[in-house]
Amino acid sequence: MNNEEILSLAEQIVKSWNWTTEVSRSQPNQLDVKVLKLEELVPIVVGLRVKRLGYLSAIVGLDLGSAADQFEILYYFCEKNSAIVLRVHTPRVNASLPSLCEIIPSAEVFERELREMFGIDIVGLKTIEHLYLPEDWPDGVFPMLKDTQLPALPVQGEKV
Amino acid sequence: MNTISTLVSMLIFPGGLFLVLAGLFYQWFDRKLLAVLQNRIGPRWFQPLADTIKLLAKEEVIPNGVNPYLFIGLPLVALAGALTAALYVPVAGVAPSYGFSGDLVVVLYLLSLLTLCMGLAGANSLDRFSLVGATRTLTQLFSYEAPFLLALLGPALVAGSWQVGKITTYAVNHWLILTQPIGFIVALIGLMGKLEMPPFDAPEAHTEIVAGALTEYSGRGLAIFDLGRAVELIVGLTLVSSFYLGGVASLPWFIAKTLALLFVMIGLQSLLTRLRIDQTIGLWWRYGTLLVLVQWFFMAFA
Amino acid sequence: METTVTSKSFTVPIGPQHPALKEPGHFQFTVDGEVVTQAYVRLGYAHRGIEKAAESRNWVQDLYLLERVCGICSHIHAFAYCLAVEQLAHVEAPPRAEAIRVLVAELERIHSHFLWMGVSAHEAGFDTLFMYSWRDREKVMDILEGLTGNRVNYSANLLGGVKFDIDATQAKAIREGLDFLEERAGHYLQVLSKDAMFLQRTRGIGVMTRTEAEVLGAVGPTARASFVPRDMRLTAPYSAYRQFPVQMVLDDRGDLEARFEVRVHELFESIRLIREILNNLPSGELSVRLPRRIPAGEAMVRLEAPRGEVFYYIKSNGTDKPERLKVRTPTICNLNSVIRLAVGHQLADVPMILAGIDPCFSCNDRMVTLTDAHNEGERLMTWPQLRQHGIDFYKQVGK
Amino acid sequence: MKSLGTMFPDVTGSLFRKPATENYPEVRKAAPSQLRGLLHLKLASCTGCGLCSMDCPANAIQINMLDRKTRSFTFDYHVDRCTFCGQCLESCRQGALSMSSDEWELAALDKTPFLMRIGDTRNAGTTVAGKPENVSEEEKHS
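Residue numbers (the working numbering), protein chains in the order written: chain S, 112 to 271; chain Z, 2 to 303; chain A, 63 to 461; chain R, -18 to 123.
Below, the structure is given as structure tokens:
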């Protein structure tokens, strides 16, 4: 399969069902699938897996800031030179996502990371201990949120 | 007068102090040569001595949960065992200070005492690495002990005595390495096992179990165990070279032969990969023991 | 005497500080005698908050921050970042710069594989191989130092190009170094595939089938040793790999021996590639200027680091700082396999299996903020405050 | 196929070879000409624009404007923070910065030599190498 075939097959799969998605080609070798309903994420992933389209390269969490008040989660499925990106949105308050561990065991680390860095509740995730952060990390503090501030760098001209 | 000479022979020469210093020197030789074989510089000549002095000067930490008497006593017993063993062995080419028929067995068990003490020291502690190390130490003890003993009994049989002194006098005129080559190889490798040299260093494999049975030891206890090992190195080398390499009748011969033996052992050490504990046992019981028995079979017909 | 051991099996903790680990990580192996029955991993001991920190630095500063994700494969991270930023800015680095980047990346691969060979030989208790392979690694480090100016964090990249050129004398030095390294690599291949004692510790140990490798998401040489054809240089060629293709090294045995051999064969492949680049180095500029503000957009790049696929995602909002930067390093994908493979093996094999994936914990652990766990919520401390806090804390403990 | 002692040639060879270890403080190997060592500023070319300081990933460079009209400033170089990445050399449009390839033994027992304050254009010479000027204690802490 060349890249074009991979992407058109993926597009076909996504469009052939009655899923509410917006499909676009943001870049020549990338298929962008905006999944509008959270509960459809797992079926779409199953659909891709059945056709053996791509492996889960990474899950990227984005905090869209307090104005949008949403998280955007990107699931990158890569195959050869092409990538299929599933975009999911969830509100920042009570954010939750379905777990992919049942379908893709290697998703576990990414989901644990999302959980501890963004505070997204991953429904169906078995291991919920901290992966990166210390055991005594305070509850409810999620470092990757935009409003969680890091200590500022010493600015130019500051006396030492 | 007699008491003084006894004391001297036990505490200064050839036992005691001399033995410890010689052991440290041989340890340095081991480390230095291994470094040279690995294209490194290696430690300077006083390094083992400096290590020992440093350790002796340091505070000894007795961890919670151990029996303090055992914790302090075991290294002393181990060192005492090794030093006692040296009295029955022609160290430095001097005839053994003591001897009775059958002292070969005593020497071997005194040497095993060191390993046993290390095993007990590990088992005494609650540390997991020590426990795993202790299990491995004792497992390995039971695997090499029999073939090593059998390999040393070969010369004893030929000499017709189980007394180290008599075997040595016999061996001066007979290079038993020529008549009993298999026995020599097993004895050599058995000695490496006894000294826990690579490839038989599974009991203290530091990439797996840190320092094995001695993980919790620091300061004085560790230093004394280390001295015990240094003495064991000398006694072991003396035994094998006096039995198989035509005796050690004088000091120059003693130095030449033991260092040559150590050289071979270091060479092997640098070429071989550590064996897993199950592989060690397999090696000794499957090949080691069998080889010695083959040797005996030949001896019976020769 | 009290003991806390209640059942027959007990847990051996490996790490956070342990001689088998050259970096902090924590593994717990439940053993029954010598056999591992359960394994558990905990990361985060080298967590430095790089992803978060990148959001507060400008595009240029981030280049050097990301170079410090990993001490061994530092170039590949800067490389990936540069590619992503250039993609965002719709700029392409000049061909000569691309070739030099790939050349440094391949030198780094040689460095990393030699280093790994030494470490895993050490885990196996074969210190002679360890010493010799690290001695030979010095050669490639010297080459890198002579070429880039630094021994470890090479800082070869610049947004839009590279900092240095390769002249004839340097090319000659590299070629000579490569001859030596090729000969040594050939020798080590003999050692790794023939030495009976070493094979006892690698052959048939930690076998991972192709299906397992795919399900567990293994990447890089670990995956290729299980016959998963995944090498970004070939499957998704980037930068100068389009002009200078590599050959994929695959092995179908999936055990430690296969992982060793795949890596050594990759050494030969890298050496060949570097020679080819040196012979056909494109001429031209070394760099193009990038604007200080990078246009808004998203970029994703995947590169083949020495340990496997590294994934970079960068989102820009049009300012002089990135909006979000996500790094996914190869080790995190491969660690899964260690946990599964260790079960059923002897404790003595665990360090070898662990070393077999060439783990790099500092790559895994990245982001963090300073907090005070005792206060509710989060308290940010300045450095003097933190220092004072430390002094107070130990005064209290001292009482 | 299997054999024992495959490292034998290396090991025996090493008996007759010099150790690979470099005896560093006694024997110094010449550093390669590309090496990035201590930063040097050619004060005459420097305009004090601050681009280097802005791009420095380690905040090792600080430019303190003393007087905007006469463009007089001091250039503070914190050697202990410098990561020797060479970005400032690339950022500088005037080519005023360079890195020495043989000044790389920069460790010191106290922090005083780590702050190198270079010039004040009002009374500086043409080239000032990165050498510590006497910065008084109170000035540093103020």
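Each residue gets a CB set at the ideal place from its N, CA and C atoms; glycine is no exception.
Practice prompt. Name the one or two DSSP bridge partners that Asn219/A has.
Written response: In the third sequence, counting from the first residue as 1, residue 219/A sits at position 157. DSSP, once it has assigned bridges, lists Val224/A as partnering Asn219/A.
Worksheet item: Cβ of Pro38/R within 8 Å of Cβ of Cys73/R?
Response: What you label residue 38/R is simply residue 57 of the fourth sequence in a count that begins at 1. What you label residue 73/R is simply residue 92 of the fourth sequence in a count that begins at 1. Taking 8 Å as the Cβ cut-off, Pro38/R and Cys73/R do not qualify as a contacting pair.
Worksheet entry | Option in Ser182/A, Pro384/A and Leu312/A with minimal Cα separation from Val412/A | Position 350 of the third sequence holds residue 412/A. Here the closest residue by C-alpha is Ser182/A.
Discussion item. So, under 8 Å CB-CB, Leu335/A and Phe306/A are touching, yes? Tell me the CB distance rounded to an integer number of Å.
Written reply: For the purposes of this step, residue 335/A is taken as the residue at position 273 of the third sequence. For the purposes of this step, residue 306/A is taken as the residue at position 244 of the third sequence. Contact flag correct, Cβ pair sits at about 6 Å.
Practice prompt. Less than 8 Å between the CB atoms is what I'm expecting for Glu96/A and Ala417/A, so what's the real figure, rounded?
Written response: Numbered from 1 along the third sequence, position 34 holds the residue referred to as residue 96/A. Numbered from 1 along the third sequence, position 355 holds the residue referred to as residue 417/A. Actually they do not touch by this definition, with Cβ atoms about 18 Å apart.
Item to complete: Compare the C-alpha of Ser243/Z against each of Ala96/Z, Leu84/Z and Phe201/Z and name the closest.
Response: To locate residue 243/Z, count along the second sequence from 1; it is residue 242. The shortest C-alpha separation from Ser243/Z is found at Ala96/Z.
Item to complete: With hydrogens ignored, establish whether the beta-carbon of Tyr218/Z is closer than 7 Å to any heavy atom of the ligand SAH.
Response: In terms of ligand content, the structure shown is empty, and the ligand SAH therefore cannot be addressed.
Worksheet item: For Phe101/Z, is the classification buried or exposed, using 16 other Cβ atoms within 10 angstroms of its Cβ as the cut-off for buried?
Response: One-based indexing of the second sequence puts residue 101/Z at position 100. With fewer than 16 Cβ atoms within 10 Å of its Cβ, Phe101/Z is classed as exposed.
Discussion item. If I measure Cβ to Cβ from His472/A and keep anything under 8 Å in the same chain, skipping five residues before and after, which residues do I get?
Written reply: Past the edges of chain A, shown from 63 to 461, lies residue 472/A, and the structure says nothing about it.
Discussion item. Rounding to the nearest angstrom, what Cα-Cα distance links Gln309/A and Leu215/Z in this structure?
Written reply: Mapped onto the third sequence, residue 309/A falls at position 247. Mapped onto the second sequence, residue 215/Z falls at position 214. Near 49 Å, if we compare the C-alpha coordinates of Leu215/Z and Gln309/A.
Worksheet entry | Contact the stretch 144 to 158 of chain Z vs the stretch 188 to 196 of chain Z: 3+ CB pairs below 8 Å | yes
Worksheet item: Using a Cβ cut-off of 7 Å, which residues of the stretch 254 to 269 of chain A contact any Cβ in chain R, in chain order?
Response: Lys256, Asp257, Ala258, Met259 and Leu261
Worksheet item: With Leu179/Z and Pro156/Z assumed to form a contact (beta carbons below 8 Å), what rounded beta-carbon distance in angstroms separates them?
Response: Taking the first residue of the second sequence as position 1, residue 179/Z is located at position 178. Taking the first residue of the second sequence as position 1, residue 156/Z is located at position 155. Between Pro156/Z and Leu179/Z the Cβ distance is about 12 Å, and since that is not below 8 Å, they are no contact.
Worksheet item: Does the count of Cβ pairs from the stretch 60 to 79 of chain Z and the stretch 105 to 125 of chain Z closer than 8 Å reach three?
Response: yes
Worksheet item: At a CB-CB cut-off below 8 Å, which residues of chain Z make contact with Thr190/A?
Response: Walking along the third sequence from the start, residue 190/A turns up at place 128. Leu38, Gln39, Ser271 and Leu272, listed in chain order.
Practice prompt. Mind listing, in chain order, the continuous beta strand (DSSP E) runs of no fewer than 3 residues lying wholly within the stretch 41 to 108 of chain Z?
Written response: none
Worksheet item: In its own chain, which residues sit with a C-beta less than 7 Å from the C-beta of Lys10/R, not counting the 5 before and 5 after it?
Response: Here residue 10/R corresponds to residue number 29 of the fourth sequence, with the count starting at 1. Excluding positions up to five away in sequence, the list reads Glu3.
Worksheet entry | Interface residues of the stretch 236 to 251 of chain A facing chain R [CB-CB below 9 Å] | His249
Worksheet item: Where in the stretch 160 to 212 of chain S do unbroken runs of the beta strand (DSSP E), each at least 3 residues long, occur, reported from the N-terminal end onward?
Response: 166 to 174, 181 to 190, 193 to 202 and 207 to 209
Practice prompt. May I ask you to report which of helix, strand or coil DSSP gives Pro213/Z?
Written response: The residue you call residue 213/Z lines up with position 212 of the second sequence. Pro is not the amino acid found at residue 213/Z; the sequence shown has Gly there. If DSSP states are grouped into helix, strand and coil, Gly213/Z belongs with the helices.
Practice prompt. Flag Arg287/Z as yes if its beta-carbon sits less than 8 Å from any beta-carbon of chain A, otherwise no.
Written response: For the purposes of this step, residue 287/Z is taken as the residue at position 286 of the second sequence. False, the Cβ-Cβ gap to chain A never drops below 8 Å.
Worksheet entry | Selected residue, minimal CA-CA separation from Arg364/A, among Leu197/S, Tyr166/S and Ala121/S | Residue mapping note: residue 364/A aligns to position 302 of the third sequence, counting from 1. Checking every option, the nearest Cα to that of Arg364/A belongs to Tyr166/S.
Fill in: Under 7 Å (Cβ pairs) to chain R, residues found in the stretch 317 to 343 of chain A
none
Discussion item. Helix, strand or coil for Glu347/A? Go by DSSP, reduced to three states.
Written reply: The residue you call residue 347/A lines up with position 285 of the third sequence. Three-state result, Glu347/A: coil.
Practice prompt. Just confirm the distance between the C-beta atoms of Asn113/S and Ala194/S, as a whole number of angstroms; I'd bet it's less than 8 Å.
Written response: Along the first sequence, one-based indexing puts residue 113/S at 2. Along the first sequence, one-based indexing puts residue 194/S at 83. Their Cβ separation, rounded to whole angstroms, is 14 Å, which puts Asn113/S and Ala194/S out of contact at 8 Å.
Discussion item. Does Gln75/R pass the burial test, meaning 16 or more other C-beta atoms within 10 Å, or should it be called exposed?
Written reply: Counted from its first residue, the fourth sequence places residue 75/R at position 94. Exposed is the call here.
Practice prompt. Can you pull the chain R residues whose beta carbon is under 7 Å from the beta carbon of Gly184/Z, in chain order?
Written response: As a first step, residue 184/Z is located in the second sequence; it is residue number 183 there, counting from the start. The contacting residues do not exist; Gly184/Z stays about 20 Å from chain R at best.
Fill in: Nearest-angstrom Cα separation, counted from Pro154/S out to Trp128/S
For the purposes of this step, residue 128/S is taken as the residue at position 17 of the first sequence. For the purposes of this step, residue 154/S is taken as the residue at position 43 of the first sequence. If you take the alpha carbons of Trp128/S and Pro154/S, they lie about 10 Å apart.
Worksheet item: Assuming Glu129/A and Ser217/A make a contact with CB atoms under 8 Å, what is their CB distance in whole Å?
Response: In the third sequence, residue 129/A corresponds to position 67, counting from 1. In the third sequence, residue 217/A corresponds to position 155, counting from 1. Right, the Cβ-Cβ distance comes to about 6 Å (below 8 Å), so this counts as a contact.
Discussion item. I need the DSSP call for Met294/A, collapsed to helix, strand or coil.
Written reply: As a working note, residue 294/A is residue 232 in the third sequence. Three-state result, Met294/A: helix.
Practice prompt. Pick out whichever of Glu116/S, Ile184/S and Ser135/S has its Cα sitting closest to the Cα of Lys148/S.
Written response: Along the first sequence, read from residue 1 onward, the residue named residue 148/S stands at position 37. Residue Ile184/S is the option with its Cα nearest to Lys148/S.
Item to complete: List the residues of chain S that Met362/A touches, going by C-beta distances under 7 Å, in chain order.
Response: Start at 1 with the first residue of the third sequence, and residue 362/A comes out as number 300. Within chain S, the residues near Met362/A are Tyr187 and Ala194.
Item to complete: Output yes if chain Z places a C-beta closer than 8 Å to the C-beta of Pro81/A; else output no.
Response: On the third sequence, position 19 is the one that residue 81/A refers to. True, the Cβ-Cβ gap to chain Z drops below 8 Å.
Fill in: Burial state of Thr66/A, where buried means 16 or more other Cβ atoms lie within 10 Å
Counting from one through the third sequence, the residue named residue 66/A turns up at place 4. Any reading at Thr66/A must be qualified, since the residue scores a pLDDT of 44, below 50, and its modelled position is unreliable; the value itself is stated next. Exposed, since its Cβ has fewer than 16 Cβ neighbours within 10 Å.
Worksheet item: What do you get for Tyr186/S, buried or exposed, if any count of 16 or more other CB atoms within 10 angstroms of its CB means buried?
Response: For the purposes of this step, residue 186/S is taken as the residue at position 75 of the first sequence. Result: buried.
Worksheet item: With DSSP run on the structure shown, which of helix, strand or coil describes Ser34/R?
Response: Here residue 34/R refers to the residue found at position 53 when the fourth sequence is read from its first residue. Helix at Ser34/R.
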